Amino acid sequence: TQNQATQKPRETSICNVTIEQEQYFESLVAEDLRFKDSTYVVDEGYVFYYGIPLKLDQNVTVGSLCVAGKDKTSLTQEQKEQLHLIAKELERLLQQQKQQQLLEQALADSKRMQRRLAHDIRSPLSGLSQLLSTTSLSSLQRSDLESLLRDAAGTASSLLQLTEAILEDTPLLDQQLHNYDTQALAKKLTDLYSPQAQVKTIAFNVRATPSVLRFPRKNLLPIIGNLIANALKFTPTNGKVQVAMHLASSQKAKILHVSIEDNGIGMTPETHEAVRTGRAIPQKGTQGETGYGLGLSFVRERCEALGGTFHLTSQKDQGTTVTLELPVM
Numbered sequence: 002t003q004n005q006a007t008q009k010p011r012e013t014s015i016c017n018v019t020i021e022q023e024q025y026f027e028s029l030v031a032e033d034l035r036f037k038d039s040t041y042v043v044d045e046g047y048v049f050y051y052g053i054p055l056k057l058d059q060n061v062t063v064g065s066l067c068v069a070g071k072d073k074t075s076l077t078q079e080q081k082e083q084l085h086l087i088a089k090e091l092e093r094l095l096q097q098q099k100q101q102q103l104l105e106q107a108l109a110d111s112k113r114m115q116r117r118l119a120h121d122i123r124s125p126l127s128g129l130s131q132l133l134s135t136t137s138l139s140s141l142q143r144s145d146l147e148s149l150l151r152d153a154a155g156t157a158s159s160l161l162q163l164t165e166a167i168l169e170d171t172p173l174l175d176q177q178l179h180n181y182d183t184q185a186l187a188k189k190l191t192d193l194y195s196p197q198a199q200v201k202t203i204a205f206n207v208r209a210t211p212s213v214l215r216f217p218r219k220n221l222l223p224i225i226g227n228l229i230a231n232a233l234k235f236t237p238t239n240g241k242v243q244v245a246m247h248l249a250s251s252q253k254a255k256i257l258h259v260s261i262e263d264n265g266i267g268m269t270p271e272t273h274e275a276v277r278t279g280r281a282i283p284q285k286g287t288q289g290e291t292g293y294g295l296g297l298s299f300v301r302e303r304c305e306a307l308g309g310t311f312h313l314t315s316q317k318d319q320g321t322t323v324t325l326e327l328p329v330m
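In the working numbering, the protein residues as written are 2 to 330.
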């Protein structure tokens, strides 16, 4: 008796029939009209076939364990039972491999989330911290102190919403559609990044064309916030950062148009190309702020993933303008 297990292309293999079975498929292939003219019968002399489907989660067939023989009694009942035991072990190993891949993906997502949170929250939190530490609270009038505390509370509240918006991009939180209009979004961005602008005495303004339409906030704070943080970081003292947004209609969707313009240090051709290709180039801001080169690449990737557009114009020492078009409805 001569038995042989071979691996054949799935699309031409008798194993295709096996994966459609519930438990196993057995055939005298030399007498089976479906297979008797196959090369493994005519040229190689196989007359017997036995195959077992391999399944994940008891319902998804991912392959088969197949044995072919050159006589009709190629497999005893005991050998068939042993094959089923081997198939069960293969299924267990496949399931373990799948679980390992899921765990590795979850770990990668967790690390990505840590980097996102650290990167996106750093700028507004640093701005608030510097503003409070450089302000002499004892010399402030009561009205000025109350105003400062209101601003700090607004920034803290917006920071929480920014954190939630980042987490909504992962399975860590159920995705909920919290809605904005253009003016509410502009206020959140102002609350978040005004402290950073005040520390550097940068003229920072967020203008929004009023609109009664509301749209899901998902991704908007992290995307636009990254661009504002970048502009503030690379704009010198007494510079300016201007943000403008409006909602427009196209045939298929509502599009949020956003532009962020600064008169900062601009970009070299190398940096511009790095953003276009998704490479991160660490840079220092105008006051030595740490920049990891993640923000613009993240924004470009997210815009493309959402079906939007990202356009950047910049020259060294002449500032930068970024324009976005984001489908929001």
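Glycine included, C-beta positions come from ideal geometry on N, C-alpha and C.
From a predicted model like this one, the values you see are computed outputs, not experimental measurements.
In the three-state reduction of the DSSP assignment, L228 falls in the helix class. Residue range 183-200 is occupied by the alpha helix (DSSP H) that includes S195.
Of the residues assessed, Q197 falls on the buried side of the cut-off, its CB having 16 or more other CB atoms within 10 angstroms. The DSSP-derived three-state label of V61 is strand. Residue environment: S195 is assigned as buried (16 or more neighbouring CB atoms within 10 Å of its CB, all protein chains considered).
Short of 6 Å from the beta carbon of T236, and not among the five residues preceding or following it, lie these beta carbons of its own chain, in chain order: I203, V242, D263, G265. Relative to the Cα of V200, the nearest Cα in the group V30, K188, A230, K189 belongs to A230.
If you check the CB distance, S315 and M268 come in under 7 Å.
For the set L307, P217, Y51, the Cα lying nearest the Cα of L327 is the one of L307.
C304 and I225 do not touch by the CB rule: their CB atoms are close to 11 Å apart, not below 8 Å. Within the same chain, and ignoring the five residues on either side of A245 in sequence, the residues whose Cβ sits closer than 6 Å to its Cβ are R208, S260. Contact check for L257 against V329 passes: the beta carbons are separated by less than 7 Å. Taking a 10 Å sphere around the C-beta of S65, we find 16 or more other C-beta atoms and assign the residue as buried. For P270, there is no enclosing beta strand (DSSP E); the enclosing alpha helix (DSSP H) covers residues 270-278. In this structure, the beta-carbon distance from L108 to L57 does not fall below 7 Å. Rounded to whole angstroms, V43 and D72 show a C-alpha spacing of 14 Å.
For T236, no beta strand (DSSP E) run applies, since DSSP gives it neither H nor E. Q243 carries a strand assignment under DSSP once its states are collapsed to helix, strand and coil.
Per DSSP, the unbroken alpha helix (DSSP H) holding T19 starts and ends at 16-19.
V18 places its beta carbon 7 Å or farther from that of A31. At a Cβ-Cβ threshold of 7 Å, R215 and D192 do not count as neighbours. If you draw a 10 Å sphere on the C-beta of R93, you find fewer than 16 other C-beta atoms in it, and that means exposed. If you check the CB distance, V63 and L55 come in under 7 Å.
Here the alpha carbon of D38 sits roughly 38 Å from the alpha carbon of Q98.
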